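Chemist: In the order they appear, the protein sequences are chains X and H.
In my numbering, each residue's number is its place in the first sequence (first place is 1) plus 5.
In my numbering, each residue's number is its place in the second sequence (first place is 1) plus 2.
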Amino acid sequence: MSPDRPVGDLFRRFRERLSAERENGSAAGRESRSAAGRESGSRATAAGPGVGRTDAGSRDAGLAPHPPRDAAPRRRRGKGGKGGGEQLNVPPAEFTSYYGRPILKPPVWRWDIAAYLFTGGLAAGSSLLAAGGQFTGRPALRRAGRVAALAGVGASTYFLVNDLGRPSRFHHMLRVAKVTSPMSVGTWILSVFGPAAGVAAVAEAAPLLPGRGVLGLGRRLLPPAGHAAGVVAAVTAPALATYTGVLLADTAVPSWHEAYPELPAIFAGSALASGAGVGLVAAPCAQAGPARRMAVAGAAMELWGSHRVENRLGLLSEPYTQGTPGKLLRAGRALTAAGVAGALIGRRSRVLSALSGGALIAASACTRFGIFHGGVASARDPRYTVVPQRERADRRAADQD
Amino acid sequence: MPDANSLYGPLDPAPDAGWVDAPPRMGFFTDTSVCIGCKACEVACKEWNDVPDSGFDLLGMSYDNTGALTANSWRHVAFIEQPRPAGHRTPPFAGDPTGPATSPASAAVGAVTAPDTGTNPGLPPGQPEAAARMAAGPEFLGMPGTAPPGRGTGVESRTDFRWLMMSDVCKHCTHAACLDVCPTGSLFRTEFGTVVVQEDICNGCGYCISACPYGVIDQRKGDGRAWKCTLCYDRIGAGMTPACAQACPTESIQYGPLDELRERAATRVAALHERGVPEARLYGHDPTDGVGGDGAFFLLLDEPEVYGLPPDPVVTTRDLPKMWKRAGLAALAMAAAAVAAFAGGSS
Chain X
6 MSPDRPVGDL
16 FRRFRERLSA
26 ERENGSAAGR
36 ESRSAAGRES
46 GSRATAAGPG
56 VGRTDAGSRD
66 AGLAPHPPRD
76 AAPRRRRGKG
86 GKGGGEQLNV
96 PPAEFTSYYG
106 RPILKPPVWR
116 WDIAAYLFTG
126 GLAAGSSLLA
136 AGGQFTGRPA
146 LRRAGRVAAL
156 AGVGASTYFL
166 VNDLGRPSRF
176 HHMLRVAKVT
186 SPMSVGTWIL
196 SVFGPAAGVA
206 AVAEAAPLLP
216 GRGVLGLGRR
226 LLPPAGHAAG
236 VVAAVTAPAL
246 ATYTGVLLAD
256 TAVPSWHEAY
266 PELPAIFAGS
276 ALASGAGVGL
286 VAAPCAQAGP
296 ARRMAVAGAA
306 MELWGSHRVE
316 NRLGLLSEPY
326 TQGTPGKLLR
336 AGRALTAAGV
346 AGALIGRRSR
356 VLSALSGGAL
366 IAASACTRFG
376 IFHGGVASAR
386 DPRYTVVPQR
396 ERADRRAADQ
406 D
Chain H
3 MPDANSLYGP
13 LDPAPDAGWV
23 DAPPRMGFFT
33 DTSVCIGCKA
43 CEVACKEWND
53 VPDSGFDLLG
63 MSYDNTGALT
73 ANSWRHVAFI
83 EQPRPAGHRT
93 PPFAGDPTGP
103 ATSPASAAVG
113 AVTAPDTGTN
123 PGLPPGQPEA
133 AARMAAGPEF
143 LGMPGTAPPG
153 RGTGVESRTD
163 FRWLMMSDVC
173 KHCTHAACLD
183 VCPTGSLFRT
193 EFGTVVVQED
203 ICNGCGYCIS
213 ACPYGVIDQR
223 KGDGRAWKCT
233 LCYDRIGAGM
243 TPACAQACPT
253 ESIQYGPLDE
263 LRERAATRVA
273 ALHERGVPEA
283 RLYGHDPTDG
293 VGGDGAFFLL
303 LDEPEVYGLP
313 PDPVVTTRDL
323 PKMWKRAGLA
333 ALAMAAAAVA
343 AFAGGSS
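(1) On the criterion of 16 or more Cβ atoms from any shown chain inside 10 Å, does G297(H) qualify as buried, or is it exposed?
(2) What is the DSSP secondary structure of R400(X), reduced to helix, strand or coil?
(3) Excluding the 5 residues flanking T119(H) on each side, which residues of the same chain have their C-beta closer than 6 Å to its C-beta?
(4) Could you tell me which chain H residues have their CB closer than 7 Å to the CB of V251(X), listed as they occur along the chain?
(5) Strictly under 8 Å for the Cβ-Cβ distance: is L15(X) near chain H by that measure?
(6) Examine chain H for any beta-carbon lying closer than 8 Å to the beta-carbon of W114(X), and answer yes or no.
(7) Does any residue of chain X have a CB that is nearer than 8 Å to the CB of G147(H)?
(8) On the DSSP bridge assignment, give the partners of W2(H) in chain order.
(9) Chain H beta carbons: is any one of them nearer than 8 Å to that of H262(X)?
(10) Using a C-beta to C-beta distance shorter than 8 Å, which residues of chain H count as neighbours of T247(X)?
(11) Taking the CB atoms as reference points, tell me whether T241(X) and F272(X) lie closer together than 8 Å.
(12) Among H174(H), A107(H), P17(H), T243(H), which residue has its Cα nearest to the Cα of H287(H)?
(13) Would P483(X) be called buried (16 or more neighbouring beta carbons within 10 Å of its own) or exposed?
(14) Give the DSSP bridge partners of R283(H), in chain order.
(15) Classify L349(X): buried if its beta carbon has 16 or more other beta carbons within 10 angstroms, exposed otherwise.
(16) Determine the direct distance from the alpha carbon of V184(X) to that of V190(X), and round the result to whole angstroms.
(17) Between the alpha carbons of M188(X) and Y209(H), how many angstroms are there, rounded?
(18) Quick check on G39(H) - is its C-beta less than 8 Å from some C-beta in chain X?
(19) Going along the chain, which residues of its own chain have a beta-carbon closer than 7 Å to the beta-carbon of V166(X), five neighbours each way excluded?
(20) Please name the residue in G231(X), P107(X), Y163(X) whose C-alpha comes closest to that of Q139(X).
(21) Please identify, using Cβ separations under 9 Å, the residues of the stretch 218-232 of chain H that lie next to chain X, in order along the chain.
(22) Which residues does DSSP list as the beta-bridge partners of C175(H)?
(23) Does any residue of chain X have a CB that is nearer than 8 Å to the CB of A339(H)?
(24) Return the bridge partner residues of L2(H) from the DSSP annotation.
(25) Closer than 8 Å, CB to CB, is E44(X) near chain H or not?
(26) So, is S260(X) buried or exposed, given that buried needs 16 or more other C-beta atoms within 10 angstroms?
(27) Given S161(X), which residues of its chain have a CB within under 6 Å of its CB, disregarding the five upstream and five downstream residues?
(28) Take C47(H) and list the residues in its own chain whose beta-carbon comes closer than 6 Å to its own, dropping the five residues that flank it on each side.
(29) Do you know whose CA, among R27(H), T186(H), A178(H), lies nearest P315(H)'s CA?
(30) Under the three-state reduction of DSSP, which class applies to T390(X): helix, strand or coil?
(31) Measure the C-alpha to C-alpha separation of V152(X) and R313(X) and round it to an integer number of angstroms.
(32) Can A169(X) and C207(H) be called in contact, C-beta distance under 8 Å?
(33) Can you find a C-beta in chain X that's less than 8 Å from the C-beta of Y10(H)?
(34) Give me whichever residues DSSP pairs with H78(H) in a beta bridge.
(35) Along chain X, in chain order, which residues have C-beta atoms closer than 9 Å to that of D23(H)?
(36) Mind checking which residues open and close the alpha helix (DSSP H) that includes D117(X)?
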């Protein structure tokens, strides 16, 4: 529906674009267009089976490319030996589509969901940090972790509900429990984690209560309740941090689905690193040792996973290396490296520790948004849907012959 | 106990979803070789299901101004114009004239023809110059195929062409990813093996939209919920034919028990092959394909991607057990890393 658009507006704009193109059609422009036209075309123009299965075929058959040509192939820039990794096998991007339109519907999730990936991970990492602080007698880590976990899970809940088409029906999520729906599984994980993280964080307020009366009772009861709740939250935290990998992978979005072995690892690493970042920001140097080690472990998992995703998937790695997602993931990597280096170097410097903690938290956010938008980009371009599937179908047909 | 093939492989979906004594699985067979692109199916669907209009506008790409299946278009007629012969018949336009679509000279003559209409003033003669000016040349309106190929450019640039038309619809997959990932239970499997959204349950989480390998289901703006073809659940429950199949004037859309449709489709493909249309092929009919076979399948005259269909769709839940395993491993690694970080000394 287009209530705010006058009837026929699209078509008028289309005609204006056509005539504008015809007017400034300089010789160079025309030449490049016709060259592009000769280069690409489609298998749809084949004159018979076998012939014209590629653009070259349609050219030989003297046929104009039709339906309108798809975007010219853009090969991935060579990495110049930097970064190593497996050889990219990017297939030639000759493919057919229906007027260049995407086959899949791109995710309708707005940035709220990318933000949730970050805040959910932050909450999970922080609650692990808090539990560690709780068991090893590091009150600064415990306090910061519990507060960050509550803030993270609170923000997560807001983002998740806000992204719904019908936010007032958010409770319909609680009608069923389905293991085939990662979102349903996640709902139940959050339903356990959220209250536990909340109780643990509230328990931190116990020392503020007066020593006598009903509130005094609270002062005595809250710490053990917070202790138990902190354990519940920490036990749930790894599930909260990793299920989101399945949430994205269990879709038809090509670059998310094919990355299913790595996504949980990336998200787990990213969650650990951001939790460690909270510790580094909030805790004095004497207590921050475990946070530094957590940062190293988390960064290692995250970097391993994102390196694999950017190199292992062939054509489907491309969306993660180009445009905004590419920039975000590169920024995430640089920030992670800087954060880890700062955390290790700055053992005795409160300022350097806090800065590196901030870098780790920012790195986690960049990585989440990068992975999110990479998948969205892969669903928007029919190439990422058609080319791998066509190859698979052709391979199978060849096997059968 | 769910079937071993609950997530992937051949399956009868209704009993797997818990229906006892389910009626035979119903579906669509859309034979695109007889589709004439009239869009009666689109209109009938909108009328019956009270689907909002999808914006009255021209896309400027073909006679298809619907563009794709959306929440507001549950049937979509695709138009593909191809410069290749339409199969076994005589090449079209073999002896057609070239030049402008209407001769200015004949228009000038026609303008002064004034038949007696038996009325007064009747049909008065026109201005020959104005008529000739009007007929001088076709104005390009952005529509492909407003004149036969080569009409304006000469015989040598003339090519054959054919039109492919296909009425697309929700595939009602055997393994429906939309249904499996729905976190509210809004999408459900009917006794007819079809997949339907319950509009009073859907909360617009959008998961089904990313999960559909065909890009069918979609969210309606302003409403927020996901909508798609119901295979006219209300009609078929009462023993009636779905609106689109009922309205189809060429029986391109056929409705019936899926087994029967599959047999009919196989016969039709064989007949077409025999008549010299070797490119005819079925799409979505095979219970062993990536989605366990579609409840709505097609006879196509070119590769699926030409029609905007995925060439080899696979239901995403095929890999779900492996995904959960990887998530479990990652969770264990995360917990281990946290424990190790705190156990590793006090520095």
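Even glycine gets a Cβ: it sits at the ideal position worked out from N, Cα and C.
Note that the structure is predicted; figures quoted are calculated from it, not measured.
Modeler: Walking through what the data contain:
(1) buried
(2) helix
(3) L125
(4) M325, W326, A329
(5) yes
(6) yes
(7) Because the pLDDT at G147(H) is just 48, under 50, the model does not fix this residue reliably, and the value given afterwards should be weighed accordingly. No - not a single Cβ of chain X is within 8 Å of the one on G147(H).
(8) Because chain H here runs from 3 to 349, residue 2(H) falls outside it and cannot be looked at.
(9) yes
(10) A329, G330, A332, A333, M336
(11) no
(12) H174(H)
(13) Because chain X is modelled from 6 through 406, residue 483(X) falls outside the range shown and cannot be assessed.
(14) L302(H)
(15) exposed
(16) 6 Å
(17) 8 Å
(18) no
(19) P172, F175
(20) G231(X)
(21) V218, I219, D220, Q221, R222, K223, G224, D225, G226, R227, A228
(22) D296(H)
(23) yes
(24) Chain H is shown only over 3 to 349; residue 2(H) falls outside these bounds and no answer can be derived.
(25) Reliability of the predicted coordinates at E44(X) is poor, the pLDDT of 36 falling under 50, and no value is obtained from them.
(26) buried
(27) Y121, T124, G125
(28) W76, R77, A245, C246
(29) A178(H)
(30) helix
(31) 34 Å
(32) The question names Ala, but residue 169(X) in the sequence shown is Leu. Yes, these two residues count as a Cβ contact at 8 Å.
(33) no
(34) D170(H)
(35) Result: empty, since nearest Cβ-Cβ is about 24 Å, beyond 9 Å.
(36) 116-141
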